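In what follows, a structure is listed as structure tokens, so that the remarks can point back to it.
Protein chains: 2
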Amino acid sequence: MEKEDFMRQAIALSEENVRQGGGPFGAVIVKDGEVVATGTNRVTASHDPTAHAEVSAIRAACQRLGTFDLSGCDIYTSCEPCPMCLGAIYWAHLDHIYYGNNKADAARIGFDDSFIYEELSLERDRRHKPMTELLPHEAKAAFRAWEEKADKQAY
Amino acid sequence: MEKEDFMRQAIALSEENVRQGGGPFGAVIVKDGEVVATGTNRVTASHDPTAHAEVSAIRAACQRLGTFDLSGCDIYTSCEPCPMCLGAIYWAHLDHIYYGNNKADAARIGFDDSFIYEELSLERDRRHKPMTELLPHEAKAAFRAWEEKADKQAY
């Protein structure tokens with residue numbers, strides 16, 4: 001299969017998801033030329049604001065492959081990832097992102113994540129979302145325990 | 156209960172999670188002065204790179220409350236959120252973020268998400284992670300279907 005075939009599968013998922021009442025987003029994760037998992041946007045159906053197509057596909061691929069590390073996999077998503085999904089793609093170590101619609105297209109139909117991109121690029125005390133430091137010294141205990149743990153599984 | 160009590164619960168979760176083999180992170184979501192859900196980092200245990208404490212707590216709170224919108228809730232997290240979790244917090248519409256450790260503390264023990272923050276602030280063609288546009292015209296079909304759908308549930 002060619003790259004275009006994988007993207008057409010992601011696009012078909014996005015179209016089917018609208019018919020099923022979800023948002024117009026689909027994603028496919030591919031390893032060694034084969035689809036290992038797919039995902040659609042299930043925010044409203046699943047009561048899960050994190051269930052974007054890319055996050056759903058990453059979770060499914062990790063379950064299928066029994067790992068939290070998707071190095072060697074690519075993601076084909078019908079729309080350019082939002083900051084949450086892009087963060088998830090980095091943590092999952094996906095190799096390459098192929099996208100159909102871009103974020104300007106998404107903004108035109110009411111899915112505007114440019115505000116979140118802007119917020120994340122600001123220092124924390126300049127963001128609109130209030131962030132308050134609390135008990136930083138007490139919070140250090142778990143970090144020390146992690147450092148001292150001999151058999152920890154890093155990730 | 157006071158703010159400090161909620162943060163201490165998040166910190167206690169982070170400490171217990173290290174003992175159970177997970178990362179040193181815990182989070183608590185509070186509405187109207189009551190804890191509605193908690194979360195810990197289960198990346199390695201659950202084979203889920205998105206299972207950070209904040210994302211886990213958001214998912215649990217949404218299941219508990221039967222909604223994808225956590226307006227009116229605050230999150231207490233033992234460590235400043237990474238870009239993925241911060242994105243999730245925006246999508247979930249949480250009101251206020253209280254954090255214990257900050258991202259510099261996290262970097263010192265090997266959890267450095269500053270690279271992801273930097274990447275997200277760059278234009279897509281300047282990022283290290285390759286992103287390629289593919290079939291943008293075909294991808295528009297689902298967006299048109301969404302626009303034309305009369306009974307869609309926006310979010």
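Chains as they are written, first to last, in my numbering: chain U, 1 to 155; chain B, 156 to 310.
Note that the Cβ used here is the ideal one computed from N, Cα and C, for glycine as well.
Being a predicted model, the structure only gives us computed values, none of them experimental.
Report task. Using alpha carbons as the reference points, say which of B/E170, B/E189, B/K304, B/V185 lies closest to B/T195. Result -> B/E170
Could you round the C-beta distance between U/P24 and B/A297 to whole angstroms and report it? I think they count as a contact, below 8 Å.
4 Å
CB B/A243 to CB U/T50, shorter than 7 Å?
-> yes
Assuming U/I161 and U/I11 are in contact, meaning their beta carbons sit under 8 Å apart, how far apart are those beta carbons, in whole angstroms? Only positions 1 to 155 of chain U appear in this structure, which leaves residue 161 of chain U out of reach.
By DSSP's criteria, U/M131 is part of a beta bridge. Which residues make up the other side? By DSSP's assignment, U/M131 forms a beta bridge with B/I252.
Partner residues on chain C for U/K31, Cβ-Cβ distance less than 8 Å: In the structure shown, chain C does not exist; the protein chains are U and B.
- [ ] Could you tell me whether any Cβ in chain U is nearer than 7 Å to the Cβ of B/V190?
- [x] no
**OP:** Helix, strand or coil for U/Y155, going by three-state DSSP, please let me know.
**Re:** coil
Does DSSP put B/G276 in a helix, in a strand, or in coil?
In the sequence under discussion, the amino acid at residue 276 of chain B is Ser, which differs from the Gly named in the question. Of the three classes helix, strand and coil, the one that applies to B/S276 here is helix, per DSSP.
Compute the beta-carbon to beta-carbon distance between U/Y99 and U/C79, rounded to the nearest angstrom, for a pair I have assumed lies under 8 Å. 6 Å
Margin query: On a Cα-Cα basis, can you pick out the residue from B/P236, B/L289, B/F266 that is closest to U/E123?
Written below: B/P236
Checklist line | Segments assigned beta strand (DSSP E), at least 3 residues, entirely inside the region 22–100 of chain U | finding: 26–31, 34–40, 73–79
Legend entry - Residues in the region 36–59 of chain U having any Cβ partner in chain B nearer than 7 Å: Going along the region 36–59 of chain U in chain order, one finds V43, T44, H47, D48, P49, T50, V55, I58, R59 with a Cβ nearer than 7 Å to chain B.
| task | Taking only the alpha-carbon atoms, compute the straight-line gap between B/L220 and U/K31 and give it to the nearest angstrom. | result | Going by the C-alpha atoms only, they are around 37 Å apart.
Out of B/E293, B/R263, B/D260, state which residue places its alpha-carbon closest to the alpha-carbon of U/D105. B/E293
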